[in-house]
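Here's the structure, in C-alpha cells; my notes come after.
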Amino acid sequence: NSHHIKRLLQNHCNNSFQGNYIGSGPNGFSYDSSGLLLHNGDVIKGMNSKLETGTIFTMEYKPNQRLIQFYVDGALQEYNFSNVRLKKCQKLIAVVGITTRDECVKCLSFDLV
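Whatever position you read off the sequence shown (first residue = 1), add 8 for the numbering used here.
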C-alpha cells in the first residue's frame, strides 16, 4: 500500500550526492551502481563491484546471520549489510531503479498491517 510506504519513508531524504532516498533512512538499504552501500544515511566502509550493463546481480538475505549479502556475476562481494533484524511482522522488498546511466538496487523493510 503506497500510504504505508510513504509513512515509512517520511524520515528519508535526498540531501546529498550519496543520500539516495531509500538508503538515507532507517528503513532502507541501498547498493548503488558504483558499489557503494548506504543505510540510514551512513556509507558502509569499502566498495563492492560496480554494476554495469549485463551484470548478473544477486541479493541474499540470511536471517539467522542477520546479513544482506550480494553477488556480482556470481562472485560474493566483500561488503554487506550486517545486523539486519526483521520482526516477524516485517517484509524485505527489493526495489530496483534502472536508468540509462545508472543501476541501483535498494531494499526497503516495513511492517505488515
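Backbone N, C-alpha and C fix where the C-beta goes; we use that ideal spot for every residue, glycine too. Every value quoted in this text rests on a predicted model; they were computed, and no experiment measured them.
*Tell me whether M55 sits in a helix, a strand or coil according to DSSP, three-state version.*
coil
*S42: which of S57, T66, T61 and N35 sits nearest, CA to CA?*
S57
*Buried or exposed: V121, going by 16 or more other Cβ atoms within 10 Å of its Cβ?*
Confidence at V121 is low in this model, with a pLDDT of 37, below 50, so its placement is unreliable and the value that follows should be read with caution. Exposed, because fewer than 16 other Cβ atoms sit within 10 Å of the Cβ of V121.
_Could you compute how far the alpha carbon of G27 sits from the alpha carbon of M55?_
With a pLDDT of only 49 at G27, under the threshold of 50, the placement of this residue in the model should not be trusted; the figure read from the coordinates follows. Distance between G27 and M55, taken at the CA atoms: about 16 Å.
*Can you tell me the Cα-Cα spacing of C97 and T63, whole angstroms?*
Looking at the two C-alpha atoms, the distance is approximately 33 Å.
*Got a sec? Which residues, its chain only, sit under 6 Å from T66 by beta carbon, not counting five neighbours each side?*
Cβ within range, chain order: Y79.
*Would you mind sorting R36 into buried or exposed? The rule is 16 or more other CB atoms within 10 Å of its CB.*
According to the sequence as given, residue 36 is Gly; it is not Arg. By the 10 Å Cβ count, G36 comes out buried.
_DSSP three-state assignment for T61, whether helix, strand or coil_ = coil
_For Q73, the three-state DSSP class (helix, strand or coil)_ = In the structure shown, Q73 sits in coil (DSSP, three-state: anything other than H, G, I, E or B).
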